[in-house]
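Asker: Before anything else, here's the structure in question.
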Amino acid sequence: MKNKLISGVCLGVILIAAYAAQAAIPNANAPKGGIINLNYEQEPASIHPITSTDGYAQDIHALACDSLLSRDATTYEFKPRIATSWEISKDGKQYTFKLRDNVFFHDGKPLTAEDVKFTYEAFVDPKLGAAHWKPYFEGITKVEVVDAKTVRFTVKDTYFNNFNIAAGTVILPKHVYGDVEKSKKLNRSFVCVGHYKLDNFDRGQILVLKKDPQWFGNTAPEWKGFNNFSQINVRFYKDETVQIERIKKGDVDYLLWANPEAFMKKAVGPEWGKKVFKYKAENKVPKGYGFIAWNLRKPLFQEKNVRIALAHLANRPEMNKKFRYGMSDLVGAPIYSSSDYAPAVKPISFDPPKARELLTQAGWADTDKDGILDKVVDGKKTNFQFTLSYAAKENEKYWTMYKEDLKKVGIIMDLNFLEWNTFIKQTDDGTFDALTMRWGSGSVDPDPKQVWHSASAEKGGSNFINYKNAEVDKLIDEGRMTLDKPKRIVLLKKAYEKIAEDAPYLFLFSDRYQFYATTAKIAKPGDTFIFDLGIDTWWMKP
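The sequence shown begins at 466 in the working numbering and counts up one residue at a time.
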């Protein structure tokens, strides 16, 4: 449910929804076995299932771990997973789950109702410092063990995501994570219930997941056609050119691209359509969006009109045309454009004269005629100069173009490429001037509190720019407690609109499609499901 950080330009268990022209159906007769090689453009800084903050770790957990329930890829209805059945009380304040028999963690220990209770307590344990989870779990007041196979959740309020959190969180073993101090050190491993278990994590090289022979779904009729590979290898090739060469050679079997350029420009040649295939999946899976974030702790970015001026100096239409083949939407608010919750906010236009006007009004001028805007800040002459940090080298061309347009009006932007782990640390520590990346897909019914509420502006939280607006807080708080979706949409649209007016980010792009490629040895029931891409239904050709 939570938003997740991903390097590049453009959100735990993430429940996503999508719609497509044709819905795939799992192949119950899909053959079992074989090794699929995936690629992530960055290596996760940590794979701890509670404290990790980047999206790559969450994607790995999604490959390997189970929750009480899951979503059907065709209907988006909940279906049994670790729990076989569930009941919701008439007042909507209690959820009771019945657990299936013979469920084992990856280390062979049996799952108990006590493990379920422990999991939800662990995610909010302040000793672990997982502040990014806090907004989602705060509505759950109690998890009770009714009997050996029954757990009951009690919630304190009408937060619309309460049931989703109860149903959709990865269940963890108390015997592994119960000792907080010891568990903090488990950054290179994880143990859960699930179809694949961690076999090896060789930093900088490969992460290996192997099919768990004890997984309950191996013999359950309802899971025929799912999780067909015997092993998943996750590689960490960062450079797009290297990624494409690797898939052509068969070292990688699946690539998912964050932008259209690789799909259109690099994935070409005699191998394509024979040994390697590329796909442009049309659906409504939440696509996330890219941004440049301004650190609002810095005096340079504290004035709204200055931030708006910085947005007026980004030639996003040209970037979209030149680098994204016009296949992305320019984002005007902090949510992907096709969401039901997206307000009717036009993206800030590329308008250098307007930017100059706003900067002049804010007191910025080239007083010493050196070509750089300056202003007296806190009694000291200060040049308008800052550093943009980024972790995706292939997107440097965007920032180079932006840098040149800034320079024309007297703003100096230095570029600082960082390795992902260093980048994430700088983000968490709040030591950056500005940074760029993207929020990943998140939920079809979003909760903005994680990123935009002032309560999330704490160390380890996702409001890492220290954005605070009391009116936005009020709208988010009211929207989160509104079960009626149409009414909630109205409230959260207003919140997103208010955030857009403040311009705390320079909002960039959101893609309309999912671009990906596979080798010829991968078979699948269709290019996409209605509610997911459906990688868990793919299989290896004989």
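Don't be surprised by glycine CBs; every beta carbon is placed ideally from N, CA and C.
Beta-carbon separation of S975 and Y790 under 9 Å?
Answerer: Within the sequence shown, residue 975 is the residue found at index 510, counting from 1. Within the sequence shown, residue 790 is the residue found at index 325, counting from 1. No, the pair does not count as a contact, with Cβ atoms beyond the cut-off.
Asker: For V717, which option in F701, V658, D879, G944 has the closest C-alpha, if you only look at C-alpha atoms?
Answerer: Counted from its first residue, the sequence shown places residue 717 at position 252. The shortest C-alpha separation from V717 is found at F701.
Asker: Can we say the stretch 957-972 touches the stretch 792-800, given the rule of at least three CB pairs closer than 8 Å?
Answerer: At 8 Å Cβ cutoff, the stretches touch.
Asker: In terms of residue numbering, what span does the alpha helix (DSSP H) encompassing N627 cover?
Answerer: Counting from 1 along the sequence shown, the entry for residue 627 is found at position 162. First-last of the alpha helix (DSSP H) with N627: 627-633.
Asker: For the 8 Å Cβ check, are there 3 or more pairs between the stretch 543-555 and the stretch 690-706?
Answerer: Flag = no, the stretch 543-555 and the stretch 690-706 do not touch.
Asker: Using the Cα positions of H777 and M866, report the straight-line distance between them to the nearest angstrom.
Answerer: Residue numbering aside, residue 777 sits at position 312 when the sequence shown is read from its first letter. Residue numbering aside, residue 866 sits at position 401 when the sequence shown is read from its first letter. Approximately 14 Å, taken between the alpha carbons.
Asker: Check the C-beta distance from A732 over to K745 and give it rounded, since I have them as a contact under 8 Å.
Answerer: What you label residue 732 is simply residue 267 of the sequence shown in a count that begins at 1. What you label residue 745 is simply residue 280 of the sequence shown in a count that begins at 1. No, A732 and K745 are not in contact; Cβ-Cβ is about 11 Å, not under 8 Å.
Asker: Can you look up T561 in the DSSP assignment and give me helix, strand or coil?
Answerer: Mapped onto the sequence shown, residue 561 falls at position 96. Residue state, collapsed to three classes: strand.
Asker: Check whether the stretch 586-597 and the stretch 516-534 are in contact - that is, three or more C-beta pairs closer than 8 Å.
Answerer: Segments in contact, yes.
Asker: Run the CB neighbour count on I512, radius 10 Å, all protein chains shown included, and call it buried at 16 or more, exposed below.
Answerer: Position 47 of the sequence shown, counted from the start, is the residue given in the question as residue 512. I512 comes out buried.
Asker: Using only the alpha-carbon positions, how far apart do K924 and S804 sit?
Answerer: Residue 924 sits at position 459 when you count from the first residue of the sequence shown. Residue 804 sits at position 339 when you count from the first residue of the sequence shown. One C-alpha to the other measures close to 29 Å.
Asker: Would you mind working out which of R903, F815, F849, D833 sits nearest Y855, comparing C-alpha positions?
Answerer: Working through the sequence shown from its first residue, we reach residue 855 at position 390. Of R903, F815, F849, D833, the residue nearest in Cα terms is R903.
Asker: Identify which residue in K872, K846, I547 has its Cα closest to the Cα of D833.
Answerer: As a working note, residue 833 is residue 368 in the sequence shown. Cα-wise, what sits closest to D833 is K846.
Asker: Between the alpha carbons of Q487 and L998, how many angstroms are there, rounded?
Answerer: Locating residue 487 in the sequence shown gives position 22, where the first residue counts as 1. Locating residue 998 in the sequence shown gives position 533, where the first residue counts as 1. With a pLDDT of 42 at Q487, under the threshold of 50, the modelled position of this residue cannot be trusted; read the value that follows with caution. Each residue's alpha carbon lies about 12 Å from the other.
Asker: Is the CB-CB distance between A920 and Y932 below 9 Å?
Answerer: Residue 920 sits at position 455 when you count from the first residue of the sequence shown. Residue 932 sits at position 467 when you count from the first residue of the sequence shown. No, the pair does not count as a contact, with Cβ atoms beyond the cut-off.
Asker: Given P817, which residues of its chain have a CB within under 8 Å of its CB, disregarding the five upstream and five downstream residues?
Answerer: What you label residue 817 is simply residue 352 of the sequence shown in a count that begins at 1. Cβ within range, chain order: H777, L778, D870, K873, V874.
Asker: Using a threshold of 9 Å, state whether the C-beta atoms of L899 and N760 are closer than that.
Answerer: Translated into the one-based positions of the sequence shown, residue 899 becomes position 434. Translated into the one-based positions of the sequence shown, residue 760 becomes position 295. According to the sequence displayed, residue 899 carries Ala and not Leu. Contact: yes.
Asker: Suppose contacts are defined by Cβ-Cβ distances below 9 Å. Is V608 in contact with T619 by that definition?
Answerer: If you number the sequence shown from 1, residue 608 lands on position 143. If you number the sequence shown from 1, residue 619 lands on position 154. In contact: V608 and T619 (Cβ atoms closer than 9 Å).
Asker: Put L998 into one of helix, strand or coil per three-state DSSP.
Answerer: For the purposes of this step, residue 998 is taken as residue 533 along the sequence shown, with counting starting at 1. Coil.
Asker: Would you list, in sequence order, the uninterrupted alpha helix (DSSP H) runs of no fewer than 4 residues that lie entirely inside the stretch 644-727?
Answerer: The stretch 644-727 contains these whole alpha helix (DSSP H) runs: 645-648, 705-714.
Asker: Would you kindly work out how many angstroms separate the C-alpha atoms of P1064 and W737, rounded to a whole number?
Answerer: Limits of the chain in this structure are 466 at one end and 1007 at the other, which puts residue 1064 out of reach.
Asker: Per DSSP, what kind of secondary structure is Q891 in: helix, strand or coil?
Answerer: Numbered from its first residue, the sequence shown carries residue 891 at position 426. Reduced to three states, the DSSP call for Q891 is helix.
Asker: Straight-line CA distance for P990 to E710?
Answerer: Translated into positions along the sequence shown, residue 990 becomes position 525. Translated into positions along the sequence shown, residue 710 becomes position 245. Answer to the nearest angstrom: the Cα atoms are 26 Å apart.
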